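Residue numbers (our numbering): 24 to 907. We treat Cβ as the ideally placed atom computed from N, Cα and C, and that holds for glycine. Model, not experiment: these values are computed from the prediction. Notes follow the structure.
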Ligand code: PEP
Ligand code: MG
């Protein structure tokens with residue numbers, strides 16, 4: 024028979040897939056001799072069996088649980104429900120992948136009228152024992168029986184008011200006993216059955232509730248957002264309770280072995296004296312910094328510090344540890360690899376190489392390239408003009424400005440409308456996830472660095488300021504007050520996540536810098552990557568920024584972007600709308616020197632690095648006046664019987680617009696199709712490129728867009744070559760240049776062998792290739808149906824962000840294969856948005872491309888992702904060699 028239940032003390036390691044992350048961890052911690060309260064894990068397979076068995080525990084699993092419980096009772100010398108020496112346990116979920124806050128926990132299980140009394144006697148504190156009991160009733164009713172917490176809180180509130188209590192510790196045993204009676208009535212009323220007094224039944228119900236919660240809305244939503252497989256199931260951990268709320272020599276806390284914001288190598292965390300774990304995480308009481316534990320409980324602190332070093336050595340990573348002190352004895356309840364900011368991740372990885380915990384390659388693989396944009400995030404200067412609203416904990420770096428909203432739903436709605444908002448809450452819960460995702464940043468009045476808001480925002484790389492204790496939120500009036508300031512919903516504020524400051528209005532943000540650690544990681548990355556990293560840039564300033572970030576060339580200069588400046592727009596319009604050859608020539612004549620200057624600027628900035636210039640690829644409608652506005656203006660003039668000359672001009676313009684109008688501009692007269700019908704435009708651009716190149720000895724790469732047929736490229740190539748020859752002759756120089764094409768439509772990929780005959784290089788334009796492969800309009804799909812597709816998992820991801828390997832990727836592979844069949848040394852790259860996406864970069868490595876090209880700010884992450892891809896490729900190769 025399958026084993027479904029495993030004690031933590033089991034000699035042989037049980038896989039994480041079976042025991043879940045937490046269970047495997049508790050067992051491992053037990054094995055290496057750490058002070059872990061004993062317990063057992065019910066496996067993820069049991070969860071699957073439970074769901075298959077119509078949401079009931081199969082008999083075999085119940086039997087194994089019974090046996091494990093008996094063993095636990097033996098180990099602890101206590102009994103579940105024993106009226107003399109009662110055992111209490113916690114019941115927690117633990118999925119394979121950590122899902123913070125997503126699943127529900129039950130503490131103090133085993134409490135009933137008898138064991139509470141026994142516990143009171145044993146601890147000598149009836150007040151304490153009955154407080155534990157009422158907490159258990161409340162938690163169990165909420166999590167397991169589905170009775171809303173609100174009913175209990177309301178009763179407690181009423182009771183406090185009636186007797187003038189201001190804080191819970193003022194309530195005595197008899198108060199709690201009274202409330203427990205009321206609580207039981209609430210349970211009976213709303214659950215329809217009495218509160219279960221039998222601890223064995225409590226345990227069975229709690230385990231079932233955890234399994235059931237695998238499919239609750241929050242968990243399903245979290246898995247969707249994080250792409251976690253629903254079929255993994257969760258394990259349940261049953262662990263004997265230790266109590267952090269047994270007085271002033273007890274306490275509980277959460278600590279990171281290094282600072283999760285900066286990476287600094289010193290303990291970082293918080294604890295509360297005389298409290299249970301939930302009190303720290305829920306952020307209801309504001310905890311003390313862990314360093315203060317050194318004074319409060321010196322021995323415990325030193326033991327904790329030693330253990331944290333041991334844990335880091337063992338797990339070879341920064342740890343996030345939950346601990347409890349019960350009457351001076353330290354217990355570790357959990358440890359896991361700690362979530363960290365990108366900045367901290369970088370520093371920790373570099374430090375761990377120096378400390379000889381990691382190799383350079385391991386350190387590189389530890390970097391979350393997806394999160395690296397955080398490092399290049401904005402900050403706020405020390406001094407700003409805007410008044411300070413409040414200060415709190417610097418929970419997650421970054422700077423963001425937005426208008427105030429007070430609920431997650433409002434945040435989601437506002438972001439749908441394209442507004443930037445800051446979500447302001449007293450504290451957040453997993454129910455607020457959609458609001459946190461939608462908001463630019465999160466601000467809370469309560470809770471510490473390990474509160475829900477802090478952990479989640481950090482994970483998402485959003486700015487967050489927590490625990491602003493002087494911030495008072497009035498939800499009814501939709502206002503917040505801090506000191507002398509009162510703001511209302513919709514008012515603008517700016518958050519400085521790294522400094523924990525909140526300003527009224529929009530404060531200026533500062534450019535971030537490249538830390539020494541980032542430079543170090545990038546050096547290691549550059550030593551290992553095969554893929555070159557270029558940038559997509561059209562302006563010298565962007566090119567300069569990209570070079571600063573390590574770009575090795577320009578992979579895509581979109582020349583139409585050079586025409587969008589206000590002073591050029593009228594000339595470009597004249598060029599497009601020209602009635603006669605002469606008119607068009609005049610517009611081109613005006614544009615040519617401007618283009619030449621543009622290219623000179625780029626060549627100068629790139630100092631001999633390769634520069635790929637794409638000839639004009641305009642969706643024409645982007646350059647033309649708005650037709651609806653024009654129609655309105657004409658109608659108004661006619662209505663007023665106006666007959667001035669500009670009416671006739673407007674009518675002519677309207678006629679021209681109608682003539683140029685396309686049903687599908689994205690699939691219309693774009694790319695090389697424009698060069699085919701209006702060769703004079705491409706000729707002018709090619710001339711400008713070559714003249715600029717002649718001046719600066721650059722070796723340009725001219726790229727023809729949207730080619731679908733070899734013949735298009737052959738003709739455009741001839742045209743460009745003719746311009747090169749003319750410049751060579753006129754200036755008496757020898758130009759070195761390449762002519763290549765973008766592969767952006769499936770036909771180009773499928774006939775790449777033919778196209779390669781005319782191309783010196785290929786650059787995969789995966790934006791258009793995705794559009795044309797799926798038949799999804801780039802302009803409309805994401806706003807119309809694609810988000811639903813991703814949400815409902817029709818597609819695993821947005822294919823405009825991460826390359827669709829199965830379809831679009833296959834065309835890329837085929838394009839490379841066929842292209843190299845014709846020209847074995849054909850240079851290939853990618854310049855769609857995917858060129859900056861780490862997962863897509865991994866694909867580019869596997870597809871054997873030569874380079875990726877991305878926007879300037881993504882260059883550092885692309886360098887790291889390219890190195891990770893190369894290391895992974897080598898590891899795969901080594902593994903394959905061993906297997907051979
Ligand atoms: C592409 O299509 O991938 C591309 C880079 O070109 P653009 O986005 O300018 O169409
Ligand atoms: Mg394109």
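Cβ-based neighbour list, residue 399, same chain, cut-off 6 Å, excluding 5 preceding and 5 following: Answer for residue 399: 535 and 880, listed in chain order.
Could you work out which residue in 615, 499 and 495 is closest to residue 507 when comparing CA atoms only? Cα-wise, what sits closest to residue 507 is 495.
Is it buried or exposed, residue 568, if we count other Cβ atoms within 10 angstroms and call 16 or more buried? Per the 10 Å Cβ criterion, buried.
Contact set for residue 152: own chain, Cβ-Cβ below 7 Å, skip 5 residues either direction: Cβ neighbours of residue 152 beyond the five flanking positions: 139, 142, 143 and 146.
Output the residue ranges of the beta strand (DSSP E) runs that lie fully inside the region 347–428 and measure 3 residues or longer, sorted by chain position. Within the region 347–428, the complete beta strand (DSSP E) runs of at least 3 residues are 352–360, 411–414, 416–419 and 422–428.
Enumerate in chain order the residues of its own chain whose CB-to-CB distance from residue 858 is below 6 Å, with the five nearest sequence positions on each side excluded. Closer than 6 Å at Cβ, skipping near neighbours: 875, 876 and 877.
Would you kindly check if the distance between the Cβ of residue 551 and the Cβ of residue 167 is under 8 Å? Taking C-beta atoms as the reference points, residue 167 and residue 551 fail to come closer than 8 Å.
Please classify residue 901 as buried or exposed, where buried requires at least 16 other C-beta atoms within 10 Å of its C-beta. Exposed, since its Cβ has fewer than 16 Cβ neighbours within 10 Å.
Spatial neighbours of residue 236 within its chain, please: CB distance less than 7 Å, with the 5 preceding and 5 following residues excluded, ordered by chain position. Excluding positions up to five away in sequence, the list reads 116, 126, 127 and 242.
Could you tell me if the beta carbon of residue 581 falls within a distance shorter than 7 Å of some heavy atom in the ligand PEP? Yes, the Cβ of residue 581 comes within 7 Å of a heavy atom of the ligand PEP.
Along the chain, where does the alpha helix (DSSP H) that runs through residue 864 open and close? Residue 864 -> alpha helix (DSSP H) spans 861–870.
Between the region 821–841 and the region 779–796, are three or more C-beta pairs nearer than 8 Å? They touch, by the three-pair rule.
Reduced DSSP secondary structure (H/G/I, E/B, other) of residue 555: DSSP places residue 555 in strand when its eight states are reduced to three.
Exposure label - residue 132; buried when at least 16 CB within 10 Å: By the Cβ neighbour-count rule, residue 132 is buried, with 16 or more other Cβ atoms within 10 Å of its own.
Against chain B, does residue 241 count as a neighbour if the rule is that its beta carbon must be under 8 Å from one of theirs? Among the protein chains of the structure shown there is no chain B, as only one such chain exists.
Does the region 509–525 touch the region 348–360, meaning 3 or more C-beta pairs lie closer than 8 Å? Judged by pairs of C-beta atoms under 8 Å, the region 348–360 does not touch the region 509–525, as fewer than three such pairs exist.
Going by the CB atoms, is the gap between residue 891 and residue 387 shorter than 8 Å? Yes, Cβ-Cβ distance for residue 387 and residue 891 is below 8 Å.
Count the other CB atoms within 10 Å of the CB of residue 471; is the residue buried (16 or more) or exposed (fewer)? The residue in question, residue 471, is buried, as its Cβ has 16 or more Cβ neighbours within 10 Å.
Since residue 784 contacts residue 838 with CB under 8 Å, what's their CB separation in whole angstroms? Rounded, the Cβ-Cβ distance is 12 Å, inconsistent with contact.
So residue 791 and residue 768 are in contact, right, with Cβ under 8 Å, and what is the actual spacing, rounded? Cβ atoms of residue 791 and residue 768 come within 8 Å of each other, at about 7 Å.
Determine, using beta carbons only, whether residue 281 and residue 402 come nearer to each other than 8 Å. No, these two residues do not count as a Cβ contact at 8 Å.
Residue 750 beta carbon less than 8 Å from that of residue 710: Yes.
So, for residue 657: in the same chain, excluding its five sequence neighbours on each side, which residues have a beta-carbon less than 8 Å away from its beta-carbon? 670, 673, 674 and 677.
From 748, 705, 221 and 620, pick the residue whose C-alpha is nearest to that of residue 910; which is it? Residue numbering for the chain in the displayed model covers 24 to 907; residue 910 lies beyond these limits and cannot be assessed.
Touching by the beta-carbon criterion (3+ pairs, under 8 Å), the region 555–570 and the region 441–451: These segments do not touch.
My understanding is that residue 632 touches residue 575, with C-beta atoms under 8 Å, so please give their C-beta distance in whole angstroms. The Cβ separation is near 6 Å, so the contact holds.
Under 8 Å between the Cβ atoms of residue 863 and residue 826? Taking 8 Å as the cut-off, the beta carbon of residue 863 is found closer than this to the beta carbon of residue 826.
Using only CA atoms, which one of 286, 29 and 71 lies nearest to residue 51? Ranking 286, 29 and 71 by Cα distance to residue 51 puts 29 first.
Does the pairing of the region 810–817 with the region 727–745 give three or more beta-carbon distances under 8 Å? By the C-beta criterion, the region 810–817 is judged not to be in contact with the region 727–745, since fewer than 3 inter-stretch pairs fall below 8 Å.
Per-residue DSSP class, three states only, for residue 345: Residue 345 falls in the strand class under three-state DSSP.
Once DSSP output is grouped into helix, strand and coil, what is the label at residue 593? Residue 593 falls in the helix class under three-state DSSP.
Contact set for residue 680: own chain, Cβ-Cβ below 8 Å, skip 5 residues either direction: If we look at residue 680 and ignore the five residues flanking it on each side, its Cβ neighbours are 647, 648, 650 and 653.
If you compare alpha carbons, which of 758, 763 and 722 is closest to residue 8? Residue 8 is absent from the model: the chain starts at 24 and stops at 907.
Identity of the residue in 252, 698 and 165 nearest residue 911 by Cα: Any property of residue 911 remains undetermined from this structure, which presents the chain solely from 24 to 907.
What first and last residue would you give for the alpha helix (DSSP H) that runs through residue 828? Neither: residue 828 is in no alpha helix (DSSP H) and is coded neither H nor E.
Would you say residue 6 and residue 369 are within 8 Å of each other, going by their C-beta atoms? Coverage of the chain is limited to positions 24 through 907, which leaves residue 6 absent and any answer about it impossible.
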